[in-house]
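First comes the structure, then the notes that go with it.
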Amino acid sequence: MNYYGPYNKTIILCTRCRKKLRVPTDRGKIIVNCPMCAHRFAYNPNSILHTLKQVLLMLLDAVIQLPSKIKKLPWYFQRFRFWFMRDRRNKLIVAFAVIMLVLMIVSFIASKNKAKKPQYYEPDFVEPKYVHYQL
Numbered sequence: 008m009n010y011y012g013p014y015n016k017t018i019i020l021c022t023r024c025r026k027k028l029r030v031p032t033d034r035g036k037i038i039v040n041c042p043m044c045a046h047r048f049a050y051n052p053n054s055i056l057h058t059l060k061q062v063l064l065m066l067l068d069a070v071i072q073l074p075s076k077i078k079k080l081p082w083y084f085q086r087f088r089f090w091f092m093r094d095r096r097n098k099l100i101v102a103f104a105v106i107m108l109v110l111m112i113v114s115f116i117a118s119k120n121k122a123k124k125p126q127y128y129e130p131d132f133v134e135p136k137y138v139h140y141q142l
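Our numbering puts the first residue of the sequence shown at 8, with every later residue one more than the last.
In structure tokens form, the structure reads like this:
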């Protein structure tokens, strides 16, 4: 018996018509058929690229229909958090990306805020150095 609870399925958007589709998360990579536009596309819940694509599609859909969906915007971020906690490899990928981003920002800020050393300049009047010549 294949019973799916609320945590075994997720809602994704069709990549063509943006209709919401419920797909299982424990089946691995699957081919999804949209009943509205008959579009077939692959979805892998364990892949960062498929998940980020779905998150971006949902955010784009939320921005397009912002007045009616303003209350559902935090739900998209909770879905990304669920993906993040699913697999150790995903955690390592996201942790590496965050560390690289932080290092880039810190190095950029450090290069911009570096205290400029005063340049050596010669005064207008320079005392001549006395050199003793032996005759």
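Just so it is clear, CB atoms sit at the ideal spot from N, CA and C, and this is done for glycine as well.
Note that this is a predicted model, so its numbers are computed, not measured.
Rounded to whole angstroms, the separation of the alpha carbons of A117 and A49 is 43 Å. K27: member of the beta strand (DSSP E) spanning K27 to P31, first to last residue. Of L66, I106, I55 and N15, the smallest CA-CA separation from R95 is found for I55. T17 and I38 have their C-alpha atoms some 14 Å from each other. Assignment of A102 by DSSP, reduced to helix, strand and coil, places it in the helix class. A residue is called buried when at least 16 other Cβ atoms come within 10 angstroms of its Cβ; I19 meets this threshold and is buried.
One Cα belongs to R34, the other to N40, and the distance between them is close to 15 Å. CA-to-CA, the gap between A45 and V62 works out to about 22 Å.
Its chain contains K16, T17, I19, I37, V39 and Y50 as the residues whose beta carbon lies nearer than 7 Å to that of V30, once the 5 sequence neighbours on both sides are disregarded; these appear in chain order. In this structure, L64 is the residue among L64, F115 and I100 with its C-alpha nearest to the C-alpha of K27. In this structure, T22 sits away from P52, with a CB-CB distance that is not shorter than 8 Å.
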